[in-house]
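Each residue of the sequence shown is one higher than the last, beginning at 1 in the UniProt record's numbering.
What follows is a set of notes on a single structure, which appears directly below.
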Amino acid sequence: MKKPTQVENTEWFSFVLNEHQKAAIPVGPRFQADVPEWNGPPQREYPHKTISKSFSSKWLGTVIWSNKDTSVETNRDAIGKGRPQHCDCYSPGSLLCVKRHVTVKISDLQKDLGSAFQIWKFDEMGEVVAKSWKHSEQQKFARVVKTNPISEGNNFIKLALGCFPSKSHNTIVSYYFNVYLPRQISIKTRSGCASVDTDNEEEKTTPCSKGSQKRAHVDRVGPPSKIVRVGVLRRTEMTLH
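Here it is in structure tokens:
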């Protein structure tokens, strides 16, 4: 795909800054608001109460979830201190540790929202999207993205649609933003890098230390590594003793 040149950018800016270039304003019920006629005396203090409640509900919609009945306890001592640095997980800070805490928070959110959790599609966000993708499909998707980086002007979505004919456009976009991209950012942050460029997610990860390399390798999506098996054996030995 041809990259935009400096000339094209200059023409675009000149078009925007040109006062004689005026865009056409669409007119019709699809583009203008339907303002009701004013009936009744105006209320100077609360003018919005002049319109009936039934008419207002037409524009406000239906309340799906309300926090009127919820009581929020504020712990002022914890404000500004951030999250605790340690937890009771077997390997604090690991990918499994993060997944555990995310799962707990999602469960708490689901209890608070009730049916609104599904209505607002929270059940279709995050790592749960990966459940509808086979491991081989996830690896194939990663290869498609890495060989066709967005930073070079490529549109990997069209290629992904050809590689996954059973997947819809929304499914591929959802997997990219909910699973693939967070995983890449997670690998970079665990590799010891001080900063992560989310606009260049196809960039290869360069771990900064050996310890970070091991953690990043363990956290990658793939078959269980030797490090993981050793950790399981050690945990089993500790349990037996």
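Quick reminder that beta carbons are idealized off the backbone N, C-alpha and C, glycines included.
Just so it is clear, the structure is predicted and the values come from calculations on it, not from any experiment.
Check                                                                                                                                    : Outcome
State the DSSP-derived secondary structure class of Ile-64, mapped to helix, strand or coil.                                             : coil
Would Ile-106 and Ile-64 be called neighbours here (beta carbons separated by less than 8 Å)?                                            : no
Spatial neighbours of Ala-160 within its chain, please: C-beta separation below 6 Å, excluding the five flanking residues on both sides. : Val-144 and Ile-172
Mind checking which residues open and close the alpha helix (DSSP H) that includes Val-144?                                              : 135-147
Reducing DSSP to helix, strand and coil, say where Met-238 ends up.                                                                      : With a pLDDT of 39 at Met-238, under the threshold of 50, the predicted position of this residue should be treated as unreliable, though the coordinate-derived value follows. Met-238 falls in the helix class under three-state DSSP.
Quick check on the DSSP output: the alpha helix (DSSP H) that includes Ser-186 runs from which residue to which?                         : 181-190
Under 8 Å between the Cβ atoms of Ile-150 and His-169?                                                                                   : no
Does any heavy atom of the ligand NAP sit closer than 7 Å to the C-beta of Ser-91?                                                       : By its list of ligands, the structure shown contains no ligand whatsoever, and the ligand NAP lies outside what it can speak to.
Under 8 Å between the Cβ atoms of Lys-140 and Cys-163?                                                                                   : yes
Cutting at 8 Å between CB atoms, please list the residues of its own chain near His-86, excluding the five before and the five after it. : Pro-92
For my contact list, Val-129 and Asn-178 are in at a C-beta cut-off of 8 Å; report their separation, rounded to the angstrom.            : 4 Å
Hey, how far is the Cα of Asp-123 from the Cα of Asp-112?                                                                                : 14 Å
Is it buried or exposed for Ile-187, if we count other Cβ within 10 angstroms and need 16 for buried?                                    : buried
Which class does Ala-78 belong to by DSSP, given the choice of helix, strand or coil?                                                    : helix
Around the Cβ of Arg-190, are there at least 16 other Cβ atoms within 10 angstroms (buried) or fewer (exposed)?                          : buried
Would you say Ala-142 and Tyr-180 are within 8 Å of each other, going by their C-beta atoms?                                             : yes
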